[in-house]
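Colleague: Got a structure for you, questions after.
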Amino acid sequence: MVRRALPSREELLEILDAVKDPEVPVLSVVELGIVRDAVASDAGVVVTITPTYSGCPAMQEIETEIRRALAAEALGPVEIHTTYSPAWTTDWITAAAKEKLEAYGIAPPGLVESSELIPLRRRAATVRCPYCKSQDTEQKSVFGSTACKSIWFCNQCRQPFEEFKAI
Amino acid sequence: MSDPASFSYLTRLGDDRLVLGHRVSEWCGHGPILEEDIALANVALDMIGEATLLLKLAGQLEGKGRNEDALAYFREAIDYRNALLVELPIGDFAFTIVRQLLFSVFSLLQMEALQRSTNADLAGIAAKAVKEARYHVRHAAQWVVTLGDGTDESHARAQRAVDELWRYTGELFLADAIDHAVAESGFGVDPSRLAEPWRVQVEEVLHRATLAIPTVAYMQRGGRDGRHTEHLGHMLAEMQIVARSYPGATW
Numbered sequence: 023m024v025r026r027a028l029p030s031r032e033e034l035l036e037i038l039d040a041v042k043d044p045e046v047p048v049l050s051v052v053e054l055g056i057v058r059d060a061v062a063s064d065a066g067v068v069v070t071i072t073p074t075y076s077g078c079p080a081m082q083e084i085e086t087e088i089r090r091a092l093a094a095e096a097l098g099p100v101e102i103h104t105t106y107s108p109a110w111t112t113d114w115i116t117a118a119a120k121e122k123l124e125a126y127g128i129a130p131p132g133l134v135e136s137s138e139l140i141p142l143r144r145r146a147a148t149v150r151c152p153y154c155k156s157q158d159t160e161q162k163s164v165f166g167s168t169a170c171k172s173i174w175f176c177n178q179c180r181q182p183f184e185e186f187k188a189i
Numbered sequence: 002m003s004d005p006a007s008f009s010y011l012t013r014l015g016d017d018r019l020v021l022g023h024r025v026s027e028w029c030g031h032g033p034i035l036e037e038d039i040a041l042a043n044v045a046l047d048m049i050g051e052a053t054l055l056l057k058l059a060g061q062l063e064g065k066g067r068n069e070d071a072l073a074y075f076r077e078a079i080d081y082r083n084a085l086l087v088e089l090p091i092g093d094f095a096f097t098i099v100r101q102l103l104f105s106v107f108s109l110l111q112m113e114a115l116q117r118s119t120n121a122d123l124a125g126i127a128a129k130a131v132k133e134a135r136y137h138v139r140h141a142a143q144w145v146v147t148l149g150d151g152t153d154e155s156h157a158r159a160q161r162a163v164d165e166l167w168r169y170t171g172e173l174f175l176a177d178a179i180d181h182a183v184a185e186s187g188f189g190v191d192p193s194r195l196a197e198p199w200r201v202q203v204e205e206v207l208h209r210a211t212l213a214i215p216t217v218a219y220m221q222r223g224g225r226d227g228r229h230t231e232h233l234g235h236m237l238a239e240m241q242i243v244a245r246s247y248p249g250a251t252w
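Rendered as structure tokens:
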């Protein structure tokens, strides 16, 4: 039997880059930072993932898709570990991925707000409309079609849009 | 390693969020406006997600082979350890929102402290829950101000909700032998330490909302020991019926 060289972490991440987030199909689970690690050994592949939100209903689907992508490469049994620490943050989304989000019509996340506990503090940062790029926008609801998004309205082009919430 | 205090403590944390998450999910499809319907569904999803992680860890530490589903669907009301506050029926929108404020501020303070738990899994779950609870607090606080400092009708309803709910808030901060044991070991946090910061936060919001802070002499209690209102059993009957009718079913 001819032994193949084991794929490196980078090669595994390249394979997993084909797995898109089912709720934000323009980004892969690698670009979102959901995949934290991938290690191949003779015993198979171990992938470590972290959920975006505690109750994210897409996690099961993402696990299934990761298994499917790796099965196609015939690297042996696939084990998926879930880690909660460090907690997922939108700061892990790369600049290139943020551009993809905006082109897709979702305002990318800004920087994570400070951890001050002042419940009535309004966020100071404005969110740019992904369609006409105006800064004249207002938040309609902190919660959008999925846990990771909020609903905004652009006063310039009169277009509602979603923002990927900084968390 | 089986550790009774840690297990009991985790069921308190998990049951608070499971029961309130289920209650809030009752608004799905019934919210006063579409955005709020979606917001409440999101908040419910966060809490049920947190409950899933907490109960899963509880089952692991218990070491009797019970997972999060076994704990959620196959325990009786008497085995639930949530505070009475979270099991009360949803009432009107004001009642739901005021309760969200009272619980979310508590939850945020609790989870902030639990980020320093000596148990790495619990610390990780807490770090995640803090981010979610911060959004929950902001959402509820803005609504309480909108309703309290709104029309005569919305003010009256918000005040009625505060008055009805206040007597259920004392239980959140009661510490018993279980709390002392987990605080001692560094696994958990003594809830009585959270009372003062909670009062400061909540009173600030109620002041801005022009709502009066009630003075009640008697605080309800019992949920942490499994003594519940009649409402929990009805809620669990609905929540558990599918899992009990079709044990082991998956889809």
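Heads up: the sequence lines are chains A and P, in that order.
Just add 22 to wherever you are in the first sequence, counting from 1, and you've got the numbering used here.
Just add 1 to wherever you are in the second sequence, counting from 1, and you've got the numbering used here.
The beta carbon of each residue, even a glycine, is placed where N, CA and C say it ideally should be.
(1) Locate the alpha helix (DSSP H) running through A/I37, then write down its first and last residues.
(2) Identify, in the order they occur along the chain, each residue of the same chain with its Cβ nearer than 6 Å to the Cβ of P/Y81, setting aside the five sequence neighbours on each side.
(3) On the DSSP bridge assignment, give the partners of A/V100 in chain order.
(4) So, using beta-carbon positions, are A/T111 and A/E53 closer together than 8 Å?
(5) Considering only DSSP beta bridges, list what A/V61 is partnered with.
(6) Would you grab the beta carbon distance between P/A52 and P/L19 for me? Rounded to a whole angstrom, and I think it's under 8 Å.
(7) Please say whether P/W28 and P/I91 have beta carbons closer to each other than 8 Å?
(8) Taking C-beta pairs closer than 8 Å, name the residues in chain P that A/V164 reaches, listed in chain order.
(9) Do P/E185 and P/R225 count as a contact pair if the criterion is CB distance below 8 Å?
(10) So, with DSSP's three-state summary, where would you put A/Y155?
(11) What three-state label does DSSP hand P/S118 in the structure shown?
(12) Per DSSP, what kind of secondary structure is A/W110 in: helix, strand or coil?
(13) Here's the rule I'm using: 16 or more other beta-carbon atoms within 10 Å means buried, otherwise exposed. How should P/F96 be labelled?
(14) Would DSSP call P/A250 helix, strand or coil?
(15) Where does P/G64 land, buried or exposed, given buried means 16+ other C-beta within 10 angstroms?
(16) Quick one: grab the DSSP three-state call for P/Y219.
(17) For A/P99 and A/V67, what's the separation of their Cα atoms in angstroms?
(18) Tell me the rounded alpha-carbon separation between A/E124 and P/E204.
(19) Residues of chain P with CB closer than 9 Å to the CB of A/C78, please, in chain order.
(20) So for A/A119, helix, strand or coil by DSSP?
(21) Would you call the region 75-86 of chain A in contact with the region 115-133 of chain P, where contact means no fewer than 3 C-beta pairs closer than 8 Å?
(22) In terms of residues, what are the limits of the beta strand (DSSP E) holding A/V48?
(23) DSSP beta-bridge partners for A/Q161?
(24) Please report the residue range of the alpha helix (DSSP H) in which P/F8 lies.
(25) Taking Cβ-Cβ distances below 9 Å as the criterion, which residues of the region 90-118 of chain A are in contact with chain P?
(26) For P/A244, tell me which candidate among P/L46, P/A71, P/A59 and P/R13 has the shortest Cα-Cα distance.
(27) Looking at C-beta atoms only, is the number of pairs between the region 73-87 of chain P and the region 221-236 of chain P that lie closer than 8 Å three or more?
Modeller: Taking the coordinates as given:
(1) Numbered from its first residue, the first sequence carries residue 37 of chain A at position 15. Run containing A/I37: R31 to L38, per the alpha helix (DSSP H) assignment.
(2) As a first step, residue 81 of chain P must be located in the second sequence, where it is residue number 80. D16, listed in sequence order.
(3) Taking the first residue of the first sequence as 1, we reach residue 100 of chain A at position 78. Answer is A/V67, bridged to A/V100.
(4) Looking up residue 111 of chain A in the first sequence gives position 89. Looking up residue 53 of chain A in the first sequence gives position 31. Their beta carbons are not under 8 Å apart, which means A/T111 does not touch A/E53 by this criterion.
(5) By 1-based counting over the first sequence, the position of residue 61 of chain A is 39. According to DSSP, A/V61 bridges with A/V68.
(6) As a position in the second sequence, residue 52 of chain P is number 51, starting the count at 1. As a position in the second sequence, residue 19 of chain P is number 18, starting the count at 1. 4 Å between Cβ atoms; contact.
(7) Translated into the one-based positions of the second sequence, residue 91 of chain P becomes position 90. Translated into the one-based positions of the second sequence, residue 28 of chain P becomes position 27. Their beta carbons are under 8 Å apart, which means P/I91 touches P/W28 by this criterion.
(8) Here residue 164 of chain A refers to the residue found at position 142 of the first sequence. By Cβ distance, chain P contributes A40, Y136, R139 and H140.
(9) On the second sequence, position 224 is the one that residue 225 of chain P refers to. On the second sequence, position 184 is the one that residue 185 of chain P refers to. For P/R225 and P/E185, no; Cβs fall outside 8 Å.
(10) The residue given as residue 155 of chain A occupies position 133 in the first sequence. Per the sequence shown, the amino acid found at residue 155 of chain A is Lys instead of Tyr. The answer is coil: DSSP assigns A/K155 none of H, G, I, E or B.
(11) Translated into the one-based positions of the second sequence, residue 118 of chain P becomes position 117. Assigned with DSSP and collapsed to three states, P/S118 falls in coil, not helix or strand.
(12) On the first sequence, residue 110 of chain A is found 88 positions in, with the first residue counted as 1. Correct three-state label for A/W110: coil.
(13) Walking along the second sequence from the start, residue 96 of chain P turns up at place 95. Buried.
(14) Within the second sequence, numbered from 1, the residue matching residue 250 of chain P stands at position 249. Looking at P/A250 - three-state DSSP - the assignment turns out to be coil, as it is neither helix nor strand.
(15) Start at 1 with the first residue of the second sequence, and residue 64 of chain P comes out as number 63. The residue in question, P/G64, is exposed, as its Cβ has fewer than 16 Cβ neighbours within 10 Å.
(16) Sequence index remark: in the second sequence, residue 219 of chain P carries index 218 (1-based). Correct three-state label for P/Y219: coil.
(17) Taking the first residue of the first sequence as 1, we reach residue 99 of chain A at position 77. Taking the first residue of the first sequence as 1, we reach residue 67 of chain A at position 45. Distance between the alpha carbons of A/P99 and A/V67 is about 6 Å.
(18) Counting from 1 along the first sequence, the entry for residue 124 of chain A is found at position 102. Counting from 1 along the second sequence, the entry for residue 204 of chain P is found at position 203. Going from the Cα of A/E124 to the Cα of P/E204 covers about 40 Å.
(19) If you number the first sequence from 1, residue 78 of chain A lands on position 56. Here the neighbours are L46 and G50.
(20) As a working note, residue 119 of chain A is residue 97 in the first sequence. Looking at A/A119 - three-state DSSP - the assignment turns out to be helix.
(21) yes
(22) Your numbering for residue 48 of chain A matches position 26 in the first sequence. A/V48 -> beta strand (DSSP E) spans V46 to S50.
(23) Along the first sequence, one-based indexing puts residue 161 of chain A at 139. Answer by DSSP bridge pairing, in chain order: A/W174.
(24) What you label residue 8 of chain P is simply residue 7 of the second sequence in a count that begins at 1. P5 to S26 is the span of the alpha helix (DSSP H), which, as asked, contains P/F8.
(25) T105, Y106, S107, P108, A109, W110 and T111
(26) One-based indexing of the second sequence puts residue 244 of chain P at position 243. Across the set P/L46, P/A71, P/A59 and P/R13, the C-alpha of P/A71 shows the shortest separation from the C-alpha of P/A244.
(27) Judged by Cβ distances under 8 Å, the region 73-87 of chain P makes contact with the region 221-236 of chain P, as three or more pairs qualify.
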